Amino acid sequence: MTAVQPQPQPVQDALEVGTTATTVVRGRSRIPWRFLAGRAAFYLFTLWAAITINFFLPRMMKGDAVDQYLSRNRNVSPEAADALRTLLGLDTDRSLLQQYLDYVGLLLRGDLGVSLLHGLRPVTEVIGQALPWTVGLVGFATVISFTIGTIGGAVVGWRRGSRLDGLIPVTTFLGTIPYFWLGLLAIAVFSVNLGWFPIGKAYGVGMRPEWSAEFVGQVVHHGTLPAATIVIASLGGWMLGMRNMMLTVLDEDYVMVAQAKGMPNRRVLWRYAARNAVLPQIQSFALSIGFIVGGTIVMEMVFSYPGVGKLLLDATNAKDYALMQGVFLVITLSVLVANVLADVAYAFLDPRTRQTEA
Amino acid sequence: MTTDLRPAPAPELRTGRAPRARATTSRRLGSAFAMFRNRKSITGLAILGFFVLVAILADVLAPYPPTQVDNTARFQPPSAEHWLGTTHLGEDVLSQVIHGTRGVVVVGFLAAIMATAIAVVVGVVAGYLRGWRSESLSALTNVFLVIPGLPLIIIVASMFENPPLVVIAAVLGLTGWAWGARVLRAQTMSLRNRDFIQAARANGEPLRRIIGNEMLPNLMALIAASFVGTVTAAILGLTTLSYIGVIPVNTYNWGTILNWAGAQGAFRQNQWWWFLPPGLCIAAIGVALSLINFGIDEYVNPRLRSAGERARAMKRRGLDVNDPVTAVRPATQTQETA
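Just so you know, the sequences run in chain order A and B.
Numbered continuously in my numbering, the first sequence closes out at residue 935.
Numbered continuously in my numbering, the second sequence closes out at residue 815.
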């Protein structure tokens, strides 16, 4: 056989082979197992690290919960105190390894112990009661802030060089103010002087949580000020990030091609530029979901909002270790879950991450 | 390859300056800090310098000792004697703010120095090495990124009965280095495969020289950015912790003043002279730091600056940067290119 001889062409169906686009679509269906396994190993490792830190934290602190409890309640007999220690797993005649294994075993069964501060109720129950308040208020504020910041950042980036550029330093300034101070100022102005909003708490005194119009109205009224301050404080970061990405994307050739084709500006802005610039924003949004639970301790303290952060502060002050550990674990877990979400979102939105990392 | 054949590594070739120019120490320093040479950074540095001066000269500047009690002048609004009024014990607010600067500046910089040192070592080493050592350092970084900072700091800080400033700075630094390390690792990994690093490795340069002389100058902007970011985080962390009351009130800083003001109901009785100045000071130092960071950002990514300038230049000629029709009009001639 010589090279000149025509090679027998294998019969191919053009539809079957497809174009490069078909290859991309097919590549999407391939699951990058190595990548997934790597991420899973990392998250398991982090989870283990968090649990271990959590285990050692109270053991490094001076004084224990029972001592604090005794100083608050005088009429507890020494026998009762010993019984309390045993109940809380504070009896020290066991080895550290044994205690550690016990702790992990209890965790696996979903048992976080009992809280001294809340009348020996299970920690899971106490946290479960506080969680909806935090997630509801801060989650709502985060979504609002992300939406306004991203859309605003896209517009500011698009109208670069105009007066809108001045918005960026202003929102950044609001972001550099310490949050607790902003909250206190808001209380001083809107609650004390103007009397528009109540000073704190999630609902009025004497109300019972229920699904009635009056109660919901109370919650909205009480939640407006905290939510507004969170939005004001976090807006700058979203806006700056989106605007910087927009400026980078607007320099790309495909934006110029789209404009040269005579596409309407509105379409170029939202479908071409903003759509690509929003990728890192979505990843940070997924990450910020994790900080919803733990990132607003200060807000809850300033507005005495009955959420998870206030629970952690109170537990730390009273050395209620079971509750403290439980809250810390819940906060860490939510950050971990948010990280998983961010990974998934990014892998869906940007095929390049899958290709390079897999 | 023998040592005699090795050509002297010429830093000026890397930075693209005039060849064979003498690389004096001052010039190399100048190029290492080029990211601060713009209006935003200089303004920020000036404000920051002002606060550092106030912190150093606190004893000279403050008109009264910060805790001098004066029962005849309580809750006084600003006057000629007390420029910023007095507290519930008759302490001078201005003196407290001036003395409070010291704690903020010391903790901010100490924490940032610690955090940046850890970030540089971990990030650069993790980026330069390959295999399991790189992976494990990266995993360590990610663990510190994921574990929520403020709750951990609150718990750790409450372990000490009366923590000195150094301990607070250390806690803030130890929880704040991970982000910088992650950014530095990514940049080092991309530098590792550039030609000049390959050349240095082929020349047989020792590892510490490759990292110290070839890589670090190219990482300076990122290191500076992460340093500035950590100072901001540390100052916010310190004032927040002081306000919450985790840090005892005998080490004076702006957060402590706000703690007292909050506890004494200044916010509810409109004693603005007590709670406005410390908050504004924190905001001012935050603005200074973010100005510095804006400057560094624009140095690293020149598009951020040029985009606005270009659009304004076009507007002056009566064009709209977003209007594609004007771009092909023959009168404009200069079709702006990136």
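Even glycine gets a Cβ: it sits at the ideal position worked out from N, Cα and C.
The structure displayed is predicted, hence computed values, not measured ones.
*Could you tell me which residues DSSP pairs with S692 of chain A in its beta bridges?*
To locate residue 692 of chain A, count along the first sequence from 1; it is residue 115. Its beta-bridge partners are A:R698.
_L890 of chain A beta carbon less than 9 Å from that of I721 of chain B_ = Position 244 of the second sequence, counting from 1, holds the residue named residue 721 of chain B. Position 313 of the first sequence, counting from 1, holds the residue named residue 890 of chain A. Going by C-beta atoms, I721 of chain B is nearer than 9 Å to L890 of chain A.
_For T563 of chain B, three-class secondary structure by DSSP_ = In the second sequence, counting from the first residue as 1, residue 563 of chain B sits at position 86. Correct three-state label for T563 of chain B: strand.
*For P542 of chain B, count neighbouring Cβ atoms within 10 angstroms of its own Cβ and tell me buried if that reaches 16, exposed if not.*
As a working note, residue 542 of chain B is residue 65 in the second sequence. Exposure of P542 of chain B is indicated by the presence of fewer than 16 other C-beta atoms within 10 angstroms of its C-beta.
*For D536 of chain B, the nearest candidate out of B:R685, B:T578 and B:L651 (CA to CA)*: As a working note, residue 536 of chain B is residue 59 in the second sequence. Checking every option, the nearest Cα to that of D536 of chain B belongs to B:T578.
*Whole-angstrom C-beta distance between A854 of chain A and A731 of chain A, which should lie under 8 Å*: Locating residue 731 of chain A in the first sequence gives position 154, counting from the first residue. Locating residue 854 of chain A in the first sequence gives position 277, counting from the first residue. With a Cβ gap of about 7 Å, A731 of chain A and A854 of chain A count as contacting.
_Beta-carbon proximity check, I533 of chain B vs G772 of chain B, cutoff 9 Å_ = Translated into positions along the second sequence, residue 533 of chain B becomes position 56. Translated into positions along the second sequence, residue 772 of chain B becomes position 295. No.
_Rounding to the nearest angstrom, what Cα-Cα distance links Y605 of chain B and M591 of chain B in this structure?_
Stepping through the second sequence from its first residue, residue 605 of chain B is reached at position 128. Stepping through the second sequence from its first residue, residue 591 of chain B is reached at position 114. Rounded to the nearest angstrom, the two C-alpha atoms are 21 Å apart.
*asked:* Here's the rule I'm using: 16 or more other beta-carbon atoms within 10 Å means buried, otherwise exposed. How should Y941 of chain A be labelled?
replied: The structure shown does not extend to residue 941 of chain A, since chain A spans only 578 to 935, so no value can be given for it.
*Cβ-based burial, D688 of chain A [other Cβ within 10 Å; buried from 16]*: As a position in the first sequence, residue 688 of chain A is number 111, starting the count at 1. Of the residues assessed, D688 of chain A falls on the exposed side of the cut-off, its CB having fewer than 16 other CB atoms within 10 angstroms.
*Any idea what DSSP makes of D891 of chain A, helix, strand or coil?*
Against the first sequence, residue 891 of chain A aligns to sequence position 314. Note: D891 of chain A maps to helix in three-state DSSP.
*Any beta-carbon of chain A closer than 9 Å to the one on R669 of chain B?*
Here residue 669 of chain B refers to the residue found at position 192 when the second sequence is read from its first residue. It does not: the Cβ of R669 of chain B has no partner Cβ on chain A nearer than 9 Å.
*From which residue to which residue does the alpha helix (DSSP H) around V644 of chain B run?*
Walking along the second sequence from the start, residue 644 of chain B turns up at place 167. Note, V644 of chain B: alpha helix (DSSP H), L642 to T652.
*Does at least one heavy atom of the ligand HEM sit under 8 Å from the Cβ of L781 of chain B?*
Absent from the structure shown: the ligand HEM. Ligands present: none.
_Here's a check: name, in chain order, each residue in its chain whose Cβ is nearer than 7 Å to the Cβ of Q836 of chain A, leaving out the five neighbours to either side._
For the purposes of this step, residue 836 of chain A is identified with residue 259 of the first sequence, where counting begins at 1. If we look at Q836 of chain A and ignore the five residues flanking it on each side, its Cβ neighbours are V845.
_Counting C-beta neighbours from all protein chains within 10 Å, is the total for V643 of chain B 16 or more, i.e. buried, or is it exposed?_
Position 166 of the second sequence, counting from 1, holds the residue named residue 643 of chain B. Exposed, because fewer than 16 other Cβ atoms sit within 10 Å of the Cβ of V643 of chain B.
*If you draw a straight line from the C-alpha of S628 of chain B to the C-alpha of F905 of chain A, how long is it?*
Walking along the second sequence from the start, residue 628 of chain B turns up at place 151. Walking along the first sequence from the start, residue 905 of chain A turns up at place 328. It should be noted that the sequence gives Pro, not Ser, for residue 628 of chain B. So the two alpha carbons sit approximately 7 Å from each other.
*In angstroms, rounded to a whole number, what distance separates the CA positions of V793 of chain A and G800 of chain A?*
In the first sequence, residue 793 of chain A corresponds to position 216, counting from 1. In the first sequence, residue 800 of chain A corresponds to position 223, counting from 1. In this structure, the straight-line span from the alpha carbon of V793 of chain A to that of G800 of chain A is close to 10 Å.
*Kindly indicate which three-state DSSP category T569 of chain B falls into: helix, strand or coil?*
Locating residue 569 of chain B in the second sequence gives position 92, where the first residue counts as 1. According to the sequence as given, residue 569 of chain B is Asp; it is not Thr. In this structure, D569 of chain B counts as strand in the three-state DSSP scheme.
_Rounded to the nearest angstrom, what separates L718 of chain B and L761 of chain A at their Cα positions?_
As a working mapping, residue 718 of chain B is identified with position 241 in the second sequence. As a working mapping, residue 761 of chain A is identified with position 184 in the first sequence. Near 15 Å, if we compare the C-alpha coordinates of L761 of chain A and L718 of chain B.
*Quick one: residues in its chain with C-beta nearer than 6 Å to the C-beta of Y756 of chain A, no 5 flanking neighbours on either side, listed in chain order?*
Numbered from its first residue, the first sequence carries residue 756 of chain A at position 179. Taken in chain order, the residues that qualify are A810 and V875.
*Scan the segment 618-630 of chain A for residues whose Cβ lies nearer than 8 Å to a Cβ of chain B and list them as they occur along the chain.*
F619, F622, T623, A626, A627 and I630
*K792 of chain B lies in the alpha helix (DSSP H); which residues open and close that run?*
In the second sequence, residue 792 of chain B corresponds to position 315, counting from 1. Residues R780 to R793.
*What span of residues does the alpha helix (DSSP H) with F880 of chain A cover, start to end?*
Your numbering for residue 880 of chain A matches position 303 in the first sequence. Here F880 of chain A belongs to no alpha helix (DSSP H), and DSSP marks it neither H nor E.
*Between which two residues does the alpha helix (DSSP H) containing K896 of chain A stretch?*
Here the question's residue 896 of chain A lines up with position 319 in the first sequence. Note, K896 of chain A: premise wrong, no alpha helix (DSSP H); not H, not E.
*asked:* By the 9 Å beta-carbon criterion, what residues does the segment 718-749 of chain B contribute toward chain A?
replied: Y720, I721, G722, V723, W731, G732, L735, A738, G739, A743, F744, R745, Q746, N747 and W749
*Tell me whether L530 of chain B is buried or exposed, calling it buried when 16 or more other Cβ atoms sit within 10 Å of its Cβ.*
Working through the second sequence from its first residue, we reach residue 530 of chain B at position 53. It counts as exposed.
*asked:* To the nearest angstrom, how far is the alpha carbon of A922 of chain A from that of A617 of chain A?
replied: Numbered from its first residue, the first sequence carries residue 922 of chain A at position 345. Numbered from its first residue, the first sequence carries residue 617 of chain A at position 40. Rounded to whole angstroms, A922 of chain A to A617 of chain A spans 15 Å at the Cα level.
*Just tell me which of A:F619, A:V917, A:A707 and A:V796 has its CA closest to the CA of L453 of chain B.*
With chain B represented from 478 up to 815, any question about residue 453 of chain B goes unanswered, as that position is not in the structure.
*Verify the CB distance criterion: does T811 of chain B have a CB-CB separation below 9 Å to chain A?*
For the purposes of this step, residue 811 of chain B is identified with residue 334 of the second sequence, where counting begins at 1. Because T811 of chain B carries a pLDDT of 49, less than 50, the predicted location of this residue cannot be relied on, and no value is offered for it.
*Leaving aside the five residues before and after F632 of chain A along the sequence, list all residues of the same chain whose C-beta is less than 7 Å from its C-beta, in chain order.*
Residue 632 of chain A sits at position 55 when you count from the first residue of the first sequence. For F632 of chain A, where only same-chain residues beyond five positions count, the Cβ hits under 7 Å are Y677 and Y680.
*Compute the beta-carbon to beta-carbon distance between K517 of chain B and G738 of chain A, rounded to the nearest angstrom, for a pair I have assumed lies under 8 Å.*
Position 40 of the second sequence, counting from 1, holds the residue named residue 517 of chain B. Position 161 of the first sequence, counting from 1, holds the residue named residue 738 of chain A. K517 of chain B to G738 of chain A, Cβ: 16 Å. No contact.
*When DSSP labels each residue in this structure, what does F510 of chain B get in the three-state scheme?*
Taking the first residue of the second sequence as 1, we reach residue 510 of chain B at position 33. Coil.
*Of the residues that make up the segment 848-866 of chain A, which ones have a beta carbon closer than 8 Å to any beta carbon in chain B?*
none
_Alpha-carbon spacing of P754 of chain B relative to I728 of chain A, whole angstroms_ = For the purposes of this step, residue 754 of chain B is identified with residue 277 of the second sequence, where counting begins at 1. For the purposes of this step, residue 728 of chain A is identified with residue 151 of the first sequence, where counting begins at 1. So the alpha carbons of these two residues sit roughly 34 Å apart.
*Does any C-beta atom of chain B lie closer than 9 Å to the C-beta of G730 of chain A?*
Taking the first sequence and counting its residues from 1, the one referred to as residue 730 of chain A is at position 153. No, its Cβ sits nowhere closer than 9 Å to a Cβ of chain B.
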